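Okay, so here's the structure we're looking at.
Structure follows, in structure tokens:
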């Protein structure tokens, strides 16, 4: 996984909205605890895939963390349904999964998911992931 160059701003200086599509409360709580230390980052949660798709379309988050195993539709189906946002808005989706590289993860990556991380994920890895996504979003903003 690429490291952040020394010139990258600290996560504390970045601002944005992150949506975590996750049905397991404990997994969400871990990410919530990590991101709570960074006041410029607003964390939203969807507890299933259909709510996650709706929230992406309504709330327009800057970045999505996505669990692959959801109670209603799979993470792969979420990526399929968000293909327009991925293409048009360059929405970044990072998959968080307990699985190692599976066919569904490969398919999600081929449909536009940006990267995947295997749970459990270290604090620094989550922070670096969010930093990369928010920096990319900031760099693609109009006027840049």
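Residue numbers (the working numbering): 31 to 174.
A virtual CB, placed ideally from N, CA and C, is assigned to each residue, including glycine.
These figures come from a predicted structure and were not determined experimentally.
Neighbour-count burial assignment, residue i, 16 or more Cβ in a 10 Å radius
i: residue 124; result: buried
i: residue 70; result: exposed
i: residue 159; result: buried
i: residue 131; result: exposed
i: residue 91; result: buried
i: residue 97; result: buried
i: residue 66; result: exposed
i: residue 163; result: buried
i: residue 153; result: exposed
i: residue 63; result: exposed
i: residue 120; result: exposed
i: residue 161; result: buried
Bridge partner(s) assigned by DSSP for residue i
i: residue 147; result: 126
i: residue 48; result: 73, 93
8 Å contact criterion, which residue i and residue j should meet: CB distance rounded
i: residue 168; j: residue 144; result: Contact flag wrong, Cβ pair sits at about 15 Å.
i: residue 76; j: residue 51; result: 5 Å
i: residue 127; j: residue 148; result: 6 Å
i: residue 80; j: residue 102; result: 5 Å
i: residue 100; j: residue 78; result: 5 Å
Enclosing alpha helix (DSSP H) for residue i [first to last residue]
i: residue 156; result: 153-170
i: residue 100; result: Element bounds for residue 100: n/a, residue is neither H nor E.
i: residue 134; result: 133-140
i: residue 104; result: Where residue 104 is concerned, there is no enclosing alpha helix (DSSP H), given that its DSSP letter is neither H nor E.
i: residue 54; result: Premise fails: residue 54 is in no alpha helix (DSSP H) and is neither H nor E.
Cβ-heavy atom distance, residue i to the ligand PLP, below 6 Å
i: residue 170; result: By its list of ligands, the structure shown contains no ligand whatsoever, and the ligand PLP lies outside what it can speak to.
Check whether the segment 135-155 touches the segment 107-115, taking contact to mean three or more Cβ pairs, one atom from each stretch, closer than 8 Å. yes
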